[in-house]
Amino acid sequence: GAKFQFRDFSSLSTRQFVSRSSPDRLDIQVAESNDIVPVQGASSEGPEKEVESEEGRRGAGVLTQEERASVQNAWDKLIRWSRIKLRREEGTMDSIRAAAEKVVVLGGGSFGTAMASILARNDPSTEIVLLVRDENLAKSINENHKNSRYFPEHTLPDNVTASTNAEEALDEVQYIVHAIPVQASSNFLASIAHLVPSSAPIICLSKGLEVGTGRMMAEMVYATLGKTHPLVVLSGPSFAVELMQEKPTMLVAASSDLQLAQSVSALFSSPNLRVNLSDDVVGVEVAGALKNVLAIAAGIVEGLNLGNNAIAALTAQGCTEIRQLSEKMGAKPATLSGPAGVGDIMLTCFVPLSRNRTVGVRLGAGESLEEILKSGRTAEGVATAGVVISLAKKYNVSLPVLTAVSRILDNQTSPRTAVMELMNMPQIPEN
């Protein structure tokens, strides 16, 4: 019989055969390659002679000719489907943008300004108004086309203006983008409720839970403007500065009215911004709020210099806690594994640009919360942490990591003690 030669295929251990089973889904099937290669006439004496070199069949790339053809075919089909679908939707997108003659952004912070710029670039004929409190900021935007506080280096599109007059700004508006910090949102919405047209959808960018009530932004909007007011929650892994730089980003537009979510997607979508659709408002909101608390925890581990293993372990446990609480509150598992869930968590927990992560890093390094809050911008996770514990009690869910963050912020324990206590809790089966 044939003798066998064992060869090292450590770099070629799998072959991927790609087939397209639906217009919007790629199935990747992985087949193990054979580690044992039969060699005709093999002998224990002298070098072995192979029938055909695997490397020769693969050529300069990592795929064989057959694999390469299969991958190319799958990709070509996907691109053809994409182009056909985009062509069909192009007219609808244009009509939606044309109908939006005026969009008002509530708040002149970094994220509101970035989203205003995107809307303005998408359609230069649309009037984009930033409603701000600061007269000097409004003057800077109107005269210099710059948000001098947050983006002094970036020039805003000509069709972006600013106003401090709510009545003037909201007159004949088609869409309202809410970018006010969560803890100020309820009072602010109440102050302008009589000026908001019932037909103008609220597009909510703010992430967090209201202190004292535990309400999500959707609940605050409905309580102020009525339960039938059109609403879309826009969330996902995104830093304002990268949006201003037109770097590729993905968000999720969530609404109980998917047609409205589609309209909002059309308004914001661009070659560098993809806006997915969802009807899971609860899942998008809860994930967006709780990831800020988890980011503080990840930052604390970084500040304590406990290593990457510890950050990964703590973040993974935190993801489990967010999933358990979110599902109890009615969220869909698919939302939590998508851009608005794990995508936003990864960005906020691992990237230094995150304000909440920065709070954690400074706490871990020994600074007091009072010192940190005096020197930085709003980090919603600080206010949200205490609210999370109330929700955990309400829905009977154990949240060790998120609870530890709340205790640290309240000065009940030190960051190092909290992490060590978490690491030494009893082991339980994962589910």
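Numbering (my numbering), first residue to last: 1326 to 1756. For glycine and all other residues, C-beta sits at the position ideal for the given N, C-alpha and C.
By Cβ distance, which residues of its chain are closer than 8 Å to residue i, with the 5 residues on each side in sequence left out?
i     : result
Y1547 : H1554, L1556
L1295 : Because the chain is modelled from 1326 through 1756, residue 1295 falls outside the range shown and cannot be assessed.
L1747 : L1639, Q1642, P1725, V1726, A1729
D1604 : A1579, S1580, S1581, L1583, A1586
P1664 : G1561, P1562, M1575, L1576, V1577, N1601
Give the DSSP-derived three-state secondary structure of residue i in the structure shown.
i     : result
E1414 : helix
F1476 : strand
I1527 : strand
E1695 : helix
E1567 : helix
A1665 : helix
Y1547 : helix
I1443 : helix
E1755 : coil
L1431 : strand
M1575 : strand
E1535 : coil
L1456 : strand
L1778 : Since the first residue shown for the chain is 1326 and the last is 1756, residue 1778 is missing from the structure and cannot be characterised.
K1487 : A small correction: the amino acid at residue 1487 is Ala; Lys does not occupy that position in the sequence shown. In this structure, A1487 counts as strand in the three-state DSSP scheme.
I1501 : strand
H1519 : helix
M1541 : coil
P1725 : helix
I1403 : First, the residue type needs correcting, since residue 1403 is Leu and not Ile in the sequence shown. L1403: helix per DSSP, three-state reduction.
P1677 : coil
A1463 : helix
D1582 : coil
Q1737 : coil
Thinking residue i and residue j are a contact (beta carbons under 8 Å), I'd like their distance in whole angstroms, please.
i     : j     : result
N1484 : E1452 : 6 Å
M1654 : V1611 : 6 Å
V1454 : A1424 : Wrong, their Cβ atoms sit about 17 Å apart, outside the cutoff.
L1534 : V1502 : About 20 Å; that fails the 8 Å criterion.
K1760 : G1613 : With the chain running from 1326 to 1756 in the structure shown, residue 1760 is simply not present.
G1711 : V1536 : 7 Å
S1590 : V1600 : 4 Å
K1427 : Q1499 : 6 Å
Excluding the 5 residues preceding and the 5 following residue i in the sequence, name in chain order all residues of the same chain whose CB lies nearer than 6 Å to its CB.
i     : result
E1357 : Its pLDDT being 39, under 50, E1357 is placed unreliably in this model, and the coordinates cannot settle the point.
M1671 : none
E1571 : N1597
I1621 : N1681, V1684, G1685, G1706, V1730
T1738 : R1732
H1479 : M1569
G1689 : I1625, G1628, L1629, P1740
S1435 : Y1475, A1565
A1704 : R1680, N1681, V1684
Can you find the residues in the same chain that come closer than 7 Å, C-beta to C-beta, to residue i, ignoring five residues on each side of it along the sequence?
i     : result
R1687 : G1628, I1697
R1458 : T1489
E1652 : P1658
L1520 : A1491, E1492, L1495
Segments of 3+ residues assigned as beta strand (DSSP E) that fall wholly inside the segment 1596-1663: 1598-1603
Meets three-Cβ-pair contact criterion under 8 Å: the segment 1556-1570 and the segment 1456-1465: No: the two stretches stay apart, fewer than three of their Cβ pairs being nearer than 8 Å.
Contact the segment 1640-1650 vs the segment 1534-1553: 3+ CB pairs below 8 Å: no
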